[in-house]
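Participant: Encoded as C-alpha cells, here's the structure I'll be asking about.
Shown next, in the form of C-alpha cells:
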C-alpha cells in the first residue's frame with residue numbers, strides 16, 4: 001500500500017513504511033549500453049524531475065506504480081561541444097523504471113524509439129551536512 005505526505009511517498013511493508021520518492025536534490029550517475037558514463041544533479045519535487053550536467057538539461061516526470069517508480073525524461077543539449085552517453089545527439093527522451101528506497105534509486109531504461117540505446121541510472125539523495133544532528 002502507498003502513502004503520500006507532501007513529496008514523500010512510502011510503501012507499507014508489514015509494520016514498516018519505506019520511503020520511495022523524497023523531494024530534494026540528488027546526485028545522478030548513468031552508464032549507457034555503449035559503455036559511456038556521466039553524471040549530474042537533479043531535483044525531485046512532487047513527481048517532477050529536473051536537472052542537468054555540463055552539456056545537457058533533464059526534465060521529466062516520475063510516478064509510482066506499485067513498488068516501482070517509472071519515469072519519462074526529456075534530455076536537451078545546451079552545450080554543443082559536449083556529447084551525451086549516446087553520442088552527439090541534440091535531444092532525446094528516456095523511459096525509465098526502477099526503485100527508490102531511503103533516498104537511493106536505481107533505474108534501467110532506454111531511449112524512446114531506440115530500445116538498443118539502454119541506460120542504467122543511479123540516484124543518491126544529497127543530504128545537507130549542516131542539517132544533520
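Numbering (full-length UniProt numbering), first residue to last: 1 to 133.
Glycine residues also receive a C-beta, built at the ideal position from the N, C-alpha and C atoms.
(1) For residue 41, which option in 65, 27, 47, 72 has the closest C-alpha, if you only look at C-alpha atoms?
(2) Taking the beta strand (DSSP E) that residue 44 belongs to, which residues open and close that run?
(3) When DSSP labels each residue in this structure, what does residue 82 get in the three-state scheme?
(4) What residue does the beta strand (DSSP E) around residue 109 start on, and which one ends it?
(5) Does DSSP put residue 23 in a helix, in a strand, or in coil?
(6) Going along the chain, which residues of its own chain have a beta-carbon closer than 6 Å to the beta-carbon of residue 4, five neighbours each way excluded?
(7) Quick one: grab the DSSP three-state call for residue 33.
(8) Closest to residue 98 by CA distance: which of 25, 54, 48, 64 is it?
(9) Using three-state DSSP, classify residue 89 as helix, strand or coil.
(10) Could you pull the start and end residues of the beta strand (DSSP E) that residue 54 belongs to?
(11) Alpha carbons only, please: which of 109, 80, 118, 33 is nearest the one belonging to residue 68?
Facilitator: In short, the structure shows the following:
(1) 27
(2) 37 to 45
(3) coil
(4) 104 to 111
(5) coil
(6) Summary for residue 4: the model assigns pLDDT 35, below 50, so the residue's position carries little reliability; its value from the coordinates is reported in the next sentence. Closer than 6 Å at Cβ, skipping near neighbours: no residue.
(7) coil
(8) 64
(9) coil
(10) First-last for residue 54: undefined, no H or E at that position.
(11) 109
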